[in-house]
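Reviewing the structure listed below.
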Amino acid sequence: MKKEVTSRYTMLTETDFDDITAEWIRFTNQRNKRERAKENVDEDNERNDE
């Protein structure tokens with residue numbers, strides 16, 4: 152995939168691709184952790200309401 156993208160976008164180096172991909176994955180992990188934490192809080196609130 153890296154070679155496909157970097158060959159199509161000649162101004163994008165493999166290092167740039169790696170950096171952008173790493174950042175995107177980091178943001179995705181952060182978003183996933185926040186969503187899971189929110190779900191846990193919601194579940195705890197539901198248990199407390201019972």
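Numbering-wise (our numbering), the sequence shown opens with residue 152 and increments by one.
Every residue, glycine too, gets a C-beta built ideally from N, C-alpha and C.
According to DSSP, is Thr179 part of a helix, a strand, or is it coil? helix
Which whole-angstrom value describes the C-beta separation of Phe168 and Lys153, a residue pair presumed to lie in contact below a C-beta threshold of 8 angstroms? 5 angstroms
How big is the Cα-Cα spacing for Glu186 and Glu155? 32 angstroms
Taking the alpha-carbon positions, what's the Thr157 to Glu165 distance? 6 angstroms
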